[in-house]
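Engineer: Numbering (the working numbering), first residue to last: 744 to 807. No residue lacks a Cβ here, since even glycine has one placed at the ideal position from N, Cα and C. The structure displayed is predicted, hence computed values, not measured ones. Below: one structure in structure tokens.
Next comes the structure, spelled out in structure tokens:
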């Protein structure tokens with residue numbers, strides 16, 4: 744359980760700091776040419792990363 748929690752926190756923090764990596768892993772490989780994610784996508788990815796991390800910290804970590 745500790746490994747899962749640690750992995751989840753690391754991935755969430757990476758998504759907050761480097762949201763383009765997630766976009767390239769999910770969509771970027773399927774698109775040909777020089778395509779970048781929109782600013783709105785990057786902002787929403789960061790916001791959702793923060794929200795999910797906060798929920799995880801308050802719900803799952805006290806139960807460990």
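(1) Okay, do the segment 773-784 and the segment 793-805 touch, 3+ Cβ pairs below 8 Å being the bar?
(2) DSSP three-state call for residue 781: helix, strand or coil?
(3) If we count the other Cβ atoms within 10 Å of its Cβ and call it buried at 16 or more, is residue 762 buried or exposed?
(4) Starting from residue 745, trace the alpha helix (DSSP H) in both directions and tell me its first and last residue.
Structural biologist: On the basis of the coordinates in this document:
(1) no
(2) Mapped onto the chain shown, residue 781 falls at position 38. Of the three classes helix, strand and coil, the one that applies to residue 781 here is coil, per DSSP.
(3) Indexing the chain shown from 1 puts residue 762 at position 19. Residue 762 should be labelled buried.
(4) As a working mapping, residue 745 is identified with position 2 in the chain shown. Its alpha helix (DSSP H) spans residues 745-760.
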